[in-house]
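Since the structure comes first, as structure tokens, the remarks are kept for the end.
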């Protein structure tokens with residue numbers, strides 16, 4: 008079975024998402040209290056997902072993946088500031104969140120094939136939280152983009 012590879016990938020992706028959300032929350036705290044508060048909360052969700060995955064890894068094993076970390080390094084090559092920096096940070100964090108969403112969907116299919124009802128329930132629950140993270144990121148992008156992109160700098 009290769010489920011251990013995806014468990015490692017998902018755990019790493021959740022960790023990278025948590026770190027990205029926390030960094031964006033800190034970086035833009037002065038200009039966006041909403042991003043600071045909600046970003047920190049959503050980072051905590053991803054950290055909880057990492058802890059929940061540890062229990063599954065105890066059953067199926069894990070093969071660590073560096074790909075999510077490489078993706079985060081590629082997206083966040085340097086700190087960004089200001090309104091345009093916030094827009095880019097939210098967009099790049101969304102990319103990480105979509106990776107996590109896809110990993111949960113793939114793991115859910117494996118859980119279904121294995122007839123592992125506990126893992127299926129975990130995938131549904133934590134996958135739904137990931138959807139909420141994505142929805143919040145999307146809402147922030149849609150709300151901020153018009154002003155950031157059309158008002159003279």
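In this note's numbering, the protein residues as written are 8 to 160. Where is the CB? At the ideal position from N, CA and C, for every residue including glycine. As the structure is a computational prediction, the values presented were derived from the model and not from experiment.
Query: Supposed contact pair residue 48 and residue 5 - C-beta distance, whole angstroms, cut 8 Å; Result: Given that the chain is displayed from residue 8 to residue 160, the structure contains no residue 5 and the question cannot be resolved.
Query: Residue from 155, 16, 76, 19 whose Cα sits closest to the Cα of residue 88; Result: 155
Query: Buried versus exposed call for residue 31 [16 or more other C-beta atoms within 10 Å across all chains shown]; Result: buried
Query: Boundaries (first-last residue) of the alpha helix (DSSP H) holding residue 42; Result: 40-67
Query: For residue 83, three-class secondary structure by DSSP; Result: coil
Query: Which of helix, strand or coil DSSP assigns to residue 145; Result: helix
Query: Close-in-space but distant-in-sequence residues of the same chain around residue 113 (CB under 7 Å, 5 per side omitted); Result: 13
Query: DSSP-derived helix/strand/coil call for residue 75; Result: helix
Query: Member of 24, 26, 41 whose CA lies at the smallest distance from the CA of residue 147; Result: 41
Query: As assigned by DSSP and simplified to three states, the class of residue 95; Result: helix
Query: Expected contact under 8 Å - CB spacing of residue 93 and residue 38 to nearest Å; Result: 7 Å
Query: Three or more C-beta pairs below 8 Å linking the stretch 47-64 and the stretch 131-144; Result: yes
Query: C-alpha distance - residue 151 paired with residue 9, whole-angstrom precision; Result: 41 Å
Query: Residue 130 beta carbon less than 9 Å from that of residue 120; Result: no
Query: Given residue 33 as reference, the closest of 58, 86, 69 once Cα atoms are compared; Result: 86
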